[in-house]
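Working notes for the structure below.
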Amino acid sequence: MKLLSHFSLSILLSALTLVFLPFFGECAEIEEREYRSAAEQLRDEAAAFLSEIEVSKAAAPMFREKIRAALDGPGSVCPVDFAALVDSLDVTASEVSAAMEELKKLLPERDRIALLLAEAESKLQTDYAFRLKLRLENIDARISDADAMAAEILPESLSRFIALFDRHKGISCPKGMVFIDGTFCVDAHEAPNKEGERPATGLSWVAAAKFCEEAGKRLCEGGEWARACAGPACAPNRINMPDFNASACNAALNMTPAVGVYPSGSRPECVSPEGVADIFGNAWEWTNENYKDRYKTLRGGSGSADPAPTCENSGWGLPGTSRSYSGARCCADPAVQPPPSPAPEQTADDAPQTDTEKSQPPQ
Numbered sequence: 464m465k466l467l468s469h470f471s472l473s474i475l476l477s478a479l480t481l482v483f484l485p486f487f488g489e490c491a492e493i494e495e496r497e498y499r500s501a502a503e504q505l506r507d508e509a510a511a512f513l514s515e516i517e518v519s520k521a522a523a524p525m526f527r528e529k530i531r532a533a534l535d536g537p538g539s540v541c542p543v544d545f546a547a548l549v550d551s552l553d554v555t556a557s558e559v560s561a562a563m564e565e566l567k568k569l570l571p572e573r574d575r576i577a578l579l580l581a582e583a584e585s586k587l588q589t590d591y592a593f594r595l596k597l598r599l600e601n602i603d604a605r606i607s608d609a610d611a612m613a614a615e616i617l618p619e620s621l622s623r624f625i626a627l628f629d630r631h632k633g634i635s636c637p638k639g640m641v642f643i644d645g646t647f648c649v650d651a652h653e654a655p656n657k658e659g660e661r662p663a664t665g666l667s668w669v670a671a672a673k674f675c676e677e678a679g680k681r682l683c684e685g686g687e688w689a690r691a692c693a694g695p696a697c698a699p700n701r702i703n704m705p706d707f708n709a710s711a712c713n714a715a716l717n718m719t720p721a722v723g724v725y726p727s728g729s730r731p732e733c734v735s736p737e738g739v740a741d742i743f744g745n746a747w748e749w750t751n752e753n754y755k756d757r758y759k760t761l762r763g764g765s766g767s768a769d770p771a772p773t774c775e776n777s778g779w780g781l782p783g784t785s786r787s788y789s790g791a792r793c794c795a796d797p798a799v800q801p802p803p804s805p806a807p808e809q810t811a812d813d814a815p816q817t818d819t820e821k822s823q824p825p826q
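Each residue of the sequence shown is one higher than the last, beginning at 464 in the working numbering.
Below is the structure:
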């Protein structure tokens, strides 16, 4: 009887494999673009710049200390606090630029006051000389402060420093998206990215790509999707979240019944520390990856009976085909966001009535 049970189980698993084989491929064969974190790249480039100017003594100590503080602060947390790192480096550059401009004005002024002082002393103009000395002391103090920040820094070096982060200034993600590593934006929920609504399913890759494009976004690259799911290398999501399972993330295994699609965000245990919900399970998500020459790739598993759903699990299908459990999640490039639209001006007719006005009888 036990032999029959094992044999029956083997038949069942083989049948399930045959069912899924036409739609799922091997991860190793996916043509995935390399993912590189802009935050980590900025941190590493700033550290290399700091090392260079420390070895060559090509910058004032205070400038070097400011860069080191940025690297030891927002640059050292996990994941790197990208926005804070950019802001910190930008403030440092602004302070150095201001100090350099201050020196340009103060040094000639100091020479001019020194000549006037020498002339006043030679003519025994005591009161005038005293006032000039006070001015000279004030200028010397300001020069000392500016020199501590900007001494020995060539304009070319400052320009190279600014170029490290200048392209990242002010960029962020649209509302409803999560900013990952300063590199890309990913929808917090599966398409249509509306918490509390069931995600769209039955989408082909073509339909998914069109949906994202019409929303001003794009399908995620494979490396982006994998990073959003797995978390940063310094603190993978599996350390911070419950084990991925059907209970936590609405993902059915081959040995459990299909559970269907739940409303987005209805599983609070299935939200990454960075705020990405249901990226594992619920609906398969098309990505902008190629599998072999003809196919496109899906990621993440679903509430249907899928084999071993994990952040590394992948499926594949022809761009024009769909399944009942195939959905999407959109990504976008970070950018400077437009300011919010101003509220419409309130006319007299729109203004709320006061208690006195409400008590007046109609005319």
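Just so you know, even glycine gets a beta-carbon here, dropped at the ideal spot from N, CA and C.
Since the model is a prediction, treat every value here as computed from it, not as a measurement.
| Asked | Found |
| --- | --- |
| Separation of P542 from G694, as counted between CA atoms | 9 Å |
| The region 621-628 touching the region 753-767, judged by at least three CB pairs closer than 8 Å | no |
| Residues bridged to F642 (per DSSP) | C648 |
| Three-way DSSP call (helix, strand, coil) for V554 in this model | helix |
| Residue from R506, W668, G685 with nearest C-alpha to P627 | A small fix is needed here, since residue 627 is Leu in this sequence, not Pro. L627 has its Cα closest to that of R506, out of R506, W668, G685. |
| Those residues which DSSP pairs with V540 across a bridge | In DSSP, V540 forms no bridge with anything. |
| Length of the line joining the Cα atoms of E564 and K586 | 34 Å |
| Exposure of E748, with buried meaning 16 or more beta-carbon neighbours within 10 Å | buried |
| Cβ pair count under 8 Å reaching 3, the region 651-664 against the region 734-754 | yes |
| C683, DSSP secondary structure in three states | coil |
| Sub-9 Å separation of C794 and F674 beta-carbons | no |
| Residues of its chain near C692, where Cβ-Cβ distance is below 8 Å and the 5 sequence neighbours each way are ignored | N700, S735, V739, I742, F743, R762, G763, C774 |
| beta-carbon K586 near the ligand NAP non-hydrogen atom, thresh 8 Å | In the structure shown, the ligand NAP is absent, as is every other ligand, since no ligand is present at all. |
| For C793: DSSP bridge partner residues | L682 |
| Collapsed DSSP secondary structure at E775 in the structure displayed | coil |
| Extent of the continuous alpha helix (DSSP H) to which Y591 belongs | 589-613 |
| Sequence-distant residues of its chain with Cβ nearer than 7 Å to S551 (five each side left out) | A533, G536, P537 |
| Beta-bridge partners of I634, as assigned by DSSP | V799 |
| Outcome for T589 when other beta-carbon atoms lying within 10 angstroms are tallied against a minimum of 16 | exposed |
| R623 - containing alpha helix (DSSP H), residue span | 618-628 |
| Which listed residue (L595, V559, N713) has its alpha carbon closest to that of G618 | According to the sequence as given, residue 618 is Pro; it is not Gly. For the residues L595, V559, N713, the minimum Cα distance to P618 belongs to V559. |
| Test item: CB-CB of N601 and E684 under 9 Å | no |
| Residue(s) in a DSSP beta bridge with A780 | A small fix is needed here, since residue 780 is Gly in this sequence, not Ala. Answer is K759. |
| Rounded C-alpha distance that separates A613 from M525 | 8 Å |
| Same chain, Cβ closer than 6 Å to A776, five either side skipped, listed in chain order | The displayed chain sequence assigns Asn, not Ala, to residue 776. Closer than 6 Å at Cβ, skipping near neighbours: G764. |
| Residue from R527, I634, P655 whose Cα sits closest to the Cα of E615 | R527 |
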